[in-house]
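For the record, the sequence lines run as chains U and S. Heads up: the first sequence is residues 214 to 479, going by our numbering. Heads up: the second sequence is residues 13 to 353, going by our numbering. The beta carbon of each residue, even a glycine, is placed where N, CA and C say it ideally should be. Remember, it's a predicted structure, so these values are computed and weren't measured experimentally. In what follows, a single structure is set out as C-alpha cells and then discussed.
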Amino acid sequence: MALLETKGLSKSFGGVQALQDVDVHIEEGSIHGLIGPNGSGKSTFFNVISGVYRPDSGSSVLFDNHEISQLPPHKITELGISRTFQLLRLFLEMTVLENVMVGYHCHTPYGFLSPILQGSKVREADEKIQDEMIEMLQFLGLASYANLPAGELSGGQRRLLSLGRAIAMKPKLLLLDEPGAGLSPVNVDHLMHTILSLKEKYKLTVVVVEHILKVVMNTCERITVLDHGQKIAEGSPEEVKNDHAVIEAYLGREMADEDIRQVIRA
Amino acid sequence: MIGFFTGVEAFFTGLSRIHRLLPWILAYLLLLPLPFLLKFGISEYYVDLANRACLFILLSVGLNIVKGFCGQVTVGHIGLYAIGAVTSALLAINYQLPFWVSAPIAILITGLAGIIVGLPSVRLEGAYLALATLGLGESVRIMIAVTPAFGSSTGIMMIPEPKIGEFIFNSFESYYYLVMTCAIIGIYLSFAILRSSTGRAFQAIREDAIAASVAGINVPFYKLLAFVISALYAGLAGALFAHMPPGYLHHNNFTIIEMVTLLLMVVLGGIGNIWGGVIGAIVVTVIYDQTKDYYFYQPLIFGIIMVVMVVFMPHGIGGVVKQAMIKRKFIENQEESRGSA
Ligand SMILES: Nc1ncnc2c1ncn2[C@@H]1O[C@H](COP(=O)(O)OP(=O)(O)O)[C@@H](O)[C@H]1O
Ligand SMILES: [Mg+2]
Chain U
214 MALLETKGLS KSFGGVQALQ DVDVHIEEGS IHGLIGPNGS GKSTFFNVIS GVYRPDSGSS
274 VLFDNHEISQ LPPHKITELG ISRTFQLLRL FLEMTVLENV MVGYHCHTPY GFLSPILQGS
334 KVREADEKIQ DEMIEMLQFL GLASYANLPA GELSGGQRRL LSLGRAIAMK PKLLLLDEPG
394 AGLSPVNVDH LMHTILSLKE KYKLTVVVVE HILKVVMNTC ERITVLDHGQ KIAEGSPEEV
454 KNDHAVIEAY LGREMADEDI RQVIRA
Chain S
13 MIGFFTGVEA FFTGLSRIHR LLPWILAYLL LLPLPFLLKF GISEYYVDLA NRACLFILLS
73 VGLNIVKGFC GQVTVGHIGL YAIGAVTSAL LAINYQLPFW VSAPIAILIT GLAGIIVGLP
133 SVRLEGAYLA LATLGLGESV RIMIAVTPAF GSSTGIMMIP EPKIGEFIFN SFESYYYLVM
193 TCAIIGIYLS FAILRSSTGR AFQAIREDAI AASVAGINVP FYKLLAFVIS ALYAGLAGAL
253 FAHMPPGYLH HNNFTIIEMV TLLLMVVLGG IGNIWGGVIG AIVVTVIYDQ TKDYYFYQPL
313 IFGIIMVVMV VFMPHGIGGV VKQAMIKRKF IENQEESRGS A
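Below, the structure is given as C-alpha cells:
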C-alpha cells in the first residue's frame, strides 16, 4: 500500500520550474531513495511535502488517505511526516535534550495553559518525556551531551541530533535530506546503519536523498531519479542504474566527479 | 564566583525537590524585611525605588518572553504598559471600581491589545516588525497625549490606591508588599511557562521558525501567545503603576525613551534568560536613578551601554553566568564518569 502518493506535483519559483508534474509512490514500510544532480529539485520535493512551500495548484499529495498539499507544516507533522534539513536547522542555542523535546511537541500530553494552572502535572509529564528522549539520545550516542547547547556539537553529532529531532516527532514517514553530507564514507556507512536500525525500531517508512549514490544503491529498495524538476526514472537499484536517461542526466552535465564514476561502476 | 552561583542553584534545586514552591516561598520570606532595611538603613526614597524596580521586573520579564525567548523584536511593549495603566486608572476613577476589579479588567484588555501588537509578527520579522510595533506603541502614547479623557497634557491625577477593607496601600512600604508579591508570582509563572513545552516552542521559533513549524509547532499561534502573555505582564505592571502612590500618570511615562530603557534591561540582563531579565531590571533601575541628574544624557548613556552589550556580551550578564555554569557542570560530569569508570 502506498503511504505517500504525489500526483502532478509541481512547484515553480518565479521562472524556475523546480518540480514539474512529479508522480511518486512510496510504499509503506520501505526505504526509498531520491537522487538527482544538484538543483534537480530533491530538496524542493521535501519542502513541498512537509508544507514548508505550498505546491502549485493542481498538485496532489496524498498521505495516509489525507490530502495534505494545502496544509501548514505543523498539521502535516501531526499527521505523521517528519523530515530533516540539508542544512540541519538545529536550534543551536537550545540544549541537545531541548532540541529533541521540541521534536516531541505535538505529543505533549498537556495544553499550553497547563504550565500556569497545573504546574506539577506539567513537571511530571516533562520528566517522563525527558526519560524517553534520553533513551533515544542514548541510542544515537548523544546522551552524554544532553545538557550541552546543540551549537557545541561537532558536525557529525549535529547530523545525528537532527535525525533524533525528527524521530522524536514519532513519524510514520521520515524524509532525510542528504543525511550524510560532509561525512567521510566510513561515517556515512555507519549513519546508514543507524538509519536502518531506527527504521526497524520505530517502524518507519523512509525517503532518503543522498548524493553518494553507492549508499542509496546499497540500502534503498526503490529509487526515484529527478532531473531538472522532472522524474526521469523510478525502480529498483538494478533498473535505475542501467537506465539510459539516468546515465545521461549525470554524464550530460560533464561532471567528471566521483559520483558519476560510482554510478557507472556500481 | 561561578562556584557561588552553582552552589545557590544546587541549594534551590534541592529545595524544589522537597516541594516545587519551596524555593519561591523562601525567596519571598527573605524579601519581606527589605523595605525596613532600606527605610532605616538608607532612606524611604529607596523603598519607592524598590517598588519601581518591581514594576520594571514585571515589564522586563514579560518582554523577555516575547523578545528574549520567542525572538520577536517588539518596540510596542511600553504602549501596552500604558494601556494597562490608563485603563485601570479610568475604571477606578470613572466607575469607582476597586483596584481588585479594575486591574484584572485592565490586564485582560491589555492582553487583547497584545494580539493587535503581535499580529504584524505573523508576516514581518526583525527591523520591519520593530517598526510596526513601534508605530502601534507610539500611537497609544499619542492617543493618550491628545485625548482629554485619557489625561492628555495634564495627566491623570488622584488615582485611588488599592485597599483591603480598611487597609489602604498608600505608603511606599505597604505598596512594596503588593508589587513585590506580584513580581515574585510573575517570575514564578514565567519559569513555569518557559520550562514547559510552550517555552520550548517559543525558543524554537526564535532559533529557526521553519524548523519549528516542521517540528509540529503552530508558529503564528505561539507567536501571538508570546505577545499576549507579555502583554498580560505589561498590563499588570501598568495597573500597579497607576495606583501606586502618589496615584498619578502622564503620557511622558510611556515614551520611546522608556521603551529603550526597558530593552536595555533585557539586553543587559540576558536575552532569553529569566533571571537575566530580573537582574537587568534591577541594575537599570538603579543606573537610571543614579543618572537622573543628567537626564539629558541618559539616552546617550543607555544607547552606549546597549551597543557595547550587543557587541561584546550578546547574552548579557545572565548569559555569561549560565554559560559558565553549563561548562562547569559538563566538566564535572565528565570527571565523575571518568572517576567511576
Ligand atoms: N526558495 C527558492 N527560491 C527560488 N528558487 C529556489 C528556491 N528553492 C529552490 N529553488 C530552485 O529550485 C531548483 C531546485 O533546487 P533544490 O530543490 O534545492 O535542488 P536539489 O536539492 O536537488 O539540489 C534550483 O534551481 C533552485 O535554485
Ligand atoms: Mg538539496
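{"Item": "Under 8 Å by Cβ, that's how I've got C319 (chain U) and G228 (chain S) pegged, so tell me the actual separation to the nearest angstrom.", "Value": "4 Å"}
{"Item": "Write down the C-beta distance between G80 (chain S) and N265 (chain S) rounded to the nearest angstrom, noting that I regard them as a contact closer than 8 Å.", "Value": "The pair is not a contact, with the Cβ atoms about 23 Å apart (cut-off 8 Å)."}
{"Item": "Can you name, in chain order, every residue of its own chain whose Cβ lies under 8 Å from the Cβ of D402 (chain U), other than the five neighbours on each side?", "Value": "V428"}
{"Item": "Using three-state DSSP, classify Q84 (chain S) as helix, strand or coil.", "Value": "coil"}
{"Item": "Exposed or buried, which one is G442 (chain U) when buried takes at least 16 other CB atoms within 10 Å?", "Value": "buried"}
{"Item": "Buried or exposed for K304 (chain S), going by 16 or more other Cβ atoms inside 10 Å?", "Value": "exposed"}
{"Item": "Since K444 (chain U) sits in a beta bridge, which residues does DSSP pair it with?", "Value": "U:L439"}
{"Item": "Whole angstroms is fine: what's the gap from L232 (chain U)'s alpha carbon to G249 (chain U)'s?", "Value": "12 Å"}
{"Item": "Note down the Cα distance separating M468 (chain U) from G15 (chain S), rounded to an integer number of angstroms.", "Value": "Bear in mind that a pLDDT of 49 at M468 (chain U), under 50, signals an unreliable position, so the model cannot answer this."}
{"Item": "Taking the Cβ atom as the reference point for each residue, do L387 (chain U) and L417 (chain U) lie within a distance shorter than 8 Å?", "Value": "yes"}
{"Item": "G247 (chain S) to E337 (chain U), Cα distance in whole Å?", "Value": "31 Å"}
{"Item": "Using 10 angstroms around the beta-carbon of K414 (chain U), count the other beta-carbons present and answer buried if the total reaches 16, otherwise exposed.", "Value": "exposed"}
{"Item": "For a cutoff of 8 Å on Cβ pairs, would you count R371 (chain U) as touching chain S?", "Value": "no"}
{"Item": "Do you know whose CA, among S:I77, S:V73, S:A118 and S:E347, lies nearest I95 (chain S)'s CA?", "Value": "S:A118"}
{"Item": "Under the criterion of a Cβ to heavy atom distance below 7 Å, does F226 (chain U) qualify as lining ligand 1?", "Value": "yes"}
{"Item": "How would you label A243 (chain S), buried or exposed, when you count the other beta carbons within 10 angstroms and need 16 or more for buried?", "Value": "buried"}
{"Item": "Can you find a CB in chain U that lies within less than 8 Å of the CB of S208 (chain S)?", "Value": "yes"}
{"Item": "State the start and end residues of the unbroken alpha helix (DSSP H) segment that holds G221 (chain U).", "Value": "From DSSP, G221 (chain U) is part of no alpha helix (DSSP H) but of the beta strand (DSSP E) over A215 to F226."}
{"Item": "May I ask whether a heavy atom of ligand 2 can be found less than 7 Å away from the beta carbon of S209 (chain S)?", "Value": "no"}
{"Item": "Closer than 7 Å, Cβ to any Cβ of chain S: which residues of the region 235 to 265 of chain U, in chain order?", "Value": "S263 and V265"}
{"Item": "Considering only the alpha carbon of each residue, which of S:G289, S:D301, S:L275 and S:G328 lies closest to I90 (chain S)?", "Value": "S:L275"}
{"Item": "Compile a chain-ordered list of the residues in the region 108 to 137 of chain S whose CB is closer than 9 Å to at least one CB of chain U.", "Value": "none"}
{"Item": "Could you list which residues in chain U have their beta carbon closer than 8 Å to that of K341 (chain S), in chain order?", "Value": "N360"}
{"Item": "Taking the straight line between their C-alpha atoms, what separation do you get for L136 (chain S) and F314 (chain S)?", "Value": "27 Å"}
{"Item": "Compute the Euclidean distance between the alpha carbons of A157 (chain S) and G163 (chain S), then round it to the nearest angstrom.", "Value": "7 Å"}
{"Item": "Within the continuous beta strand (DSSP E) that includes L386 (chain U), where are the two ends?", "Value": "L386 to D390"}
{"Item": "Whose C-alpha, out of U:G368, U:F259, U:M382 and U:S272, is nearest the C-alpha of L396 (chain U)?", "Value": "U:G368"}
{"Item": "Thinking C-beta only, is L206 (chain S) closer than 8 Å to I291 (chain S)?", "Value": "no"}
{"Item": "Given that a residue counts as buried once 16 or more other Cβ atoms are within 10 Å of its Cβ, and exposed if not, what is Q283 (chain U)?", "Value": "exposed"}
{"Item": "Which residues mark the beginning and the end of the beta strand (DSSP E) in which V420 (chain U) is found?", "Value": "T418 to V422"}
{"Item": "Output needed for V335 (chain U): all residues of its chain with C-beta closer than 7 Å, excluding positions within five of it in sequence on either side, in chain order.", "Value": "Y323, S327 and P328"}
{"Item": "Out of S:T86, S:G281, S:T193 and S:L261, which has the shortest C-alpha to C-alpha gap to A97 (chain S)?", "Value": "S:L261"}
{"Item": "Does chain S have any CB closer than 8 Å to the CB of G221 (chain U)?", "Value": "no"}
{"Item": "I need the straight-line Cα distance from M318 (chain S) to T219 (chain U), nearest angstrom please.", "Value": "52 Å"}
{"Item": "In this structure, how does DSSP classify S273 (chain U) when only helix, strand and coil are distinguished?", "Value": "strand"}
{"Item": "Hey, I329 (chain S) and G281 (chain S): beta-carbon distance below 8 Å or not?", "Value": "yes"}
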